[in-house]
Amino acid sequence: MTFFDLLPLYLNGAWYTLLITLGGCALAFVIAMTVGIVGSVRNPVLRAAAAVYVEVFRGVAALVLMFWLFYALPLVTGYRVEPVFAAILALGLNVGAYGAENVRGAIKAVPRAQYEATVALNMTPVQRMRMVILPQAWAQMLPTFGNLAIELMKGSAVVSLIAVSDLTFVAQQLRTFSGDTALAFTAALVMYFIIAQVLLFFVRMAERRADRRLGRAPAKPTRRGGRIAAAVKGGGA
Amino acid sequence: MTFDWGFVGEVLPDLLLGLRYTLLATVVSYAFALVLGLVVAMVRRAAPRPVAAVVHWVMEFIRCTPLLVQLFFVFYVLPSVGVQLSPLTAGIIGLGVHYAAYTAEVYRSGLEGVPRGQWEAARALSLPARRTWTAVVLPQAVRRVIPALGNYLISMFKDTPLLFAITVPELLFEANRLGGQYFKYLEMMTVVGLLFICVSVPAAILIRFLERRYAAI
C-alpha cells in the first residue's frame with residue numbers, strides 16, 4: 001500500500017479533525033468573549049464568577065474534561081453524549097477559559113483615556129464596548145486567538161481516545177493494519193501541520209484587517225510565542 | 001445514581017500512586033525541556049544561517065502538531081528503528097521535546113531582550129564565546145523569562161494525562177482502570193478532575209507570586 005491509496009482515509013480523518021477544531025473554536029470564541037467581558041466589568045460578583053470559571057477550566061486538562069463528559073456525565077444524566085459533541089464541548093470550555101483571560105487582558109490594555117472619553121461623550125456601556133473598546137482590543141487579542149486555535153486543533157487529537165475517527169485515530173488504525181508505523185504517523189503529523197498553517201494564514205489575514213481598520217500600519221509578520229527577531233546576531237559562535 | 005464517597009476513599013491510595021507518576025513525568029520532562037529549549041535557542045542564534053533555519057522549521061513543525069501524535073511517534077516508531085523505550089521514558093522524551101519547542105521561543109525572547117551593548121562589551125573585553133554566554137548574556141536573558149517558563153510547567157502538568165495513551169500508569173490511567181474494574185466512572189473521573197485542580201491552582205498561585213517577584217527586576 002502506498003500513501004496515495006490511504007489518502008482518502010486520511011482526508012476523512014482530517015475532516016473530523018477540522019469539524020471538531022472549527023466547532024471547538026466557535027464555542028471557545030463565544031465563551032472567551034462573554035467571560036472575558038464579564039471579567040472586566042466593575043461588579044465584583046460578576047468578576048469573581050468569571051475568575052472562578054477561568055481558574056477551574058484552565059485547571060482541568062481537556063482530556064480529563066472530555067473523559068468526564070463522555071464517561072461520567074451519562075451516569076448522572078442518563079443521556080449519552082455524542083463523542084464528537086463531548087470533544088467540542090470539552091475543548092471549547094477549556095480553550096474558552098484561556099481565551100477569556102486573553103480578552104480580559106486586551107480590554108485592560110486599551111488606554112484608559114479611551115474609556116474616559118466614552119464616558120464624557122455619554123455613551124451607554126454597550127456603545128462603549130462595541131464602538132470604542134472592542135475594536136481596539138480586537139487587534140490586540142487576535143494573535144493570541146490564533147495560537148489558541150492551533151492549541152485547540154492540536155488538542156483535538158485526544159478525541160481519538162474516545163473513538164472518534166479523526167486523523168490520529170486513522171493513523172492508529174493504519175499502524176495496526178499495515179504495520180508501517182513511521183509512515184502512518186508521519187502522514188498524520190504532516191496533515192496536522194498543513195491544517196495549522198492554513199489556520200495561521202487566516203488569522204494573519206484577520207490581524208492585518210483589524211490593524212487596517214484602526215488605521216495602523218500592517219504589522220510585521222510575527223512568529224508564535226515570541227517577538228520579531230531584532231536581527232541582532234550575537235557575538236558568540 | 002449516587003456519588004460513592006466510600007469508594008473514593010478506598011481507591012485514593014491507588015490514585016495518589018498514579019498522581020506520583022504524573023508529577024514525576026512532569027518534573028523530569030520539564031527539566032529536559034528547559035535544557036533542550038535553551039540549547040535550541042542558542043543554536044538558532046549562534047549557528048550558521050542554514051542550520052538555524054532548519055532548526056527553526058523543525059521547531060515550528062513540533063509546535064504545530066499534536067503532542068498525542070508525537071507521543072505515539074516516539075512510542076511506536078523509535079522501537080522499530082531499534083531504540084527500546086519504556087512507556088515512561090518515551091513519554092518524557094515526547095513531552096520534553098514538545099515543550100522544548102515552546103521554551104526555546106521563550107528563551108529567544110529573553111535573548112532578544114539583552115541589549116546589544118552587552119554583546120559588544122563582551123566582545124570589547126575579548127571574552128571567549130563561552131564566557132560571553134554564561135557570564136554575560138544568559139544570566140540576564142534567563143532571569144527575565146522565569147515567569148513565562150513557569151507557565152509552561154503548569155501547562156505541561158495538564159498535558160501529562162496524554163501519557164495515558166501510551167500506557168504510562170499515571171493518574172488518568174489508574175482512574176480509568178479502577179473505573180472500569182468497579183464501574184465507577186463518575187467517581188473516578190470527578191476525583192481526577194479535582195486532583196488536577198488541587199495541584200494546578202496552588203501551582204498557578206505560586207507562579208504568579210514568583211512572577212511578581214521577578215517581573216520587577
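Same order as they appear, the protein sequences are chains A and B.
With full-length UniProt numbering, letter number 226 in the first sequence gets 226, and the count goes up by one each step, no holes.
With full-length UniProt numbering, letter number 159 in the second sequence gets 159, and the count goes up by one each step, no holes.
Ideal placement from N, C-alpha and C gives every residue a C-beta, glycine not left out.
Item	Value
Taking a Cβ distance cut-off of 8 Å, strictly less, list which residues of the segment 135-148 of chain B are near chain C, in chain order.	Of the chains in the structure shown, none is chain C; the protein chains are A and B.
Leu82 (chain A) by DSSP, collapsed to three states: which one?	It is Glu, not Leu, that sits at residue 82 (chain A) in the sequence shown. If DSSP states are grouped into helix, strand and coil, Glu82 (chain A) belongs with coil.
Smallest Cα separation from Asn94 (chain A): which of A:Arg128, A:Leu65, A:Gln197 and A:Val45?	A:Leu65
Does the CB of Leu12 (chain B) have a neighbour CB from chain A at under 7 Å?	no
Does the beta carbon of Leu88 (chain B) come closer than 7 Å to any beta carbon on chain A?	no
Please return the same chain residues whose Cβ sits closer than 7 Å to the Cβ of Met33 (chain A), not counting the five positions on each side in sequence.	Val103
Helix, strand or coil: how does DSSP classify Gln172 (chain A) here?	helix
Quick one: is Phe173 (chain B) near chain A, going by C-beta distance under 7 Å?	no
Using the beta-carbon of each residue, which ones in chain A are nearer than 7 Å to Asp4 (chain B)?	In chain order: nothing, as chain A lies at least about 11 Å away.
Does any CB atom of chain B fall closer than 7 Å to the CB of Tyr192 (chain A)?	yes
Any C-beta of chain B sitting closer than 7 Å to the C-beta of Gly236 (chain A)?	With a pLDDT of only 31 at Gly236 (chain A), under the threshold of 50, the placement of this residue in the model should not be trusted; the figure read from the coordinates follows. Judged by the 7 Å Cβ criterion, Gly236 (chain A) is in contact with chain B.
Label Ala113 (chain A) either buried or exposed according to how many other C-beta atoms from any shown protein chain fall within 10 Å of its C-beta, with 16 as the threshold for buried.	exposed
Return the CA-CA distance between Leu157 (chain A) and Lys184 (chain B), expressed in angstroms with no decimal places.	A small fix is needed here, since residue 157 (chain A) is Ala in this sequence, not Leu. For Ala157 (chain A) and Lys184 (chain B), the distance between alpha carbons rounds to 26 Å.
Is the beta carbon of Met156 (chain B) sitting closer than 7 Å to the one on Thr65 (chain B)?	no
One question on the structure: do Ala109 (chain A) and Asp211 (chain A) come within less than 7 Å of each other, judged by their Cβ atoms?	no
Using the C-alpha atoms, what's the distance from Ala50 (chain A) back to Asp128 (chain A)?	The sequence given here places Arg at residue 128 (chain A); Asp does not occur at that position. Distance between the alpha carbons of Arg128 (chain A) and Ala50 (chain A) is about 20 Å.
Run the CB neighbour count on Met205 (chain A), radius 10 Å, all protein chains shown included, and call it buried at 16 or more, exposed below.	exposed
Does the separation of the CB atoms of Leu125 (chain B) and Thr22 (chain B) fall below 7 Å?	no
Please name the residue, chosen from B:Pro87, B:Arg20, B:Phe209 and B:Ser109, that lies closest to Val137 (chain B) on a Cα-to-Cα basis.	B:Ser109
I need the DSSP call for Ala60 (chain A), collapsed to helix, strand or coil.	Note that residue 60 (chain A) is Val in the sequence shown, not Ala. Of the three classes helix, strand and coil, the one that applies to Val60 (chain A) here is coil, per DSSP.
Using a Cβ-Cβ cutoff of 7 Å, what residues of the segment 58-74 of chain B are near chain A? List them in chain order.	Phe61, Arg63, Cys64, Thr65, Pro66, Leu67, Leu68, Val69, Phe72 and Phe73
Drop a sphere of 10 angstroms on the beta-carbon of Ser165 (chain A), count the other beta-carbons inside from all chains shown, and report buried for 16 or more, exposed for fewer.	buried
Closest Cβ-Cβ distance between Thr21 (chain A) and chain B: below 7 Å?	no
Between Tyr182 (chain B) and chain A, is any beta-carbon pair separated by less than 7 Å?	no
Lys158 (chain B) lies in the alpha helix (DSSP H); which residues open and close that run?	Ile146 to Asp159
Would Gly105 (chain A) count as contacting chain B if we go by Cβ distances under 7 Å?	no
Measuring alpha carbon to alpha carbon, tell me which residue in A:Leu152, A:Val54, A:Trp68 and A:Pro74 is nearest Val38 (chain A).	A:Val54
Any idea what DSSP makes of Asn102 (chain A), helix, strand or coil?	helix
Quick one, which of A:Leu174, A:Leu167, A:Leu152 and A:Leu19 has its alpha-carbon nearest Ala188 (chain A)'s?	A:Leu167
Compute the distance between the beta-carbons of Val60 (chain A) and Phe196 (chain B), then report whether it is under 7 Å.	yes
Could you name the residues of the same chain whose beta carbon sits closer than 6 Å to that of Arg143 (chain B), not counting the 5 residues immediately before and after it, in chain order?	none
With DSSP run on the structure shown, which of helix, strand or coil describes Gln84 (chain B)?	coil
State yes or no: is the beta carbon of Asn12 (chain A) nearer than 7 Å to at least one beta carbon in chain B?	no
State whether the segment 59-75 of chain B contacts the segment 145-155 of chain A, with contact taken as three or more CB pairs (one from each stretch) at a distance under 8 Å.	yes
Mind pulling the chain A residues with CB within less than 7 Å of Ala165 (chain B)?	Leu161
Considering just the uninterrupted stretch of the alpha helix (DSSP H) at Val158 (chain A), what are its terminal residues?	Here Val158 (chain A) belongs to no alpha helix (DSSP H), and DSSP marks it neither H nor E.
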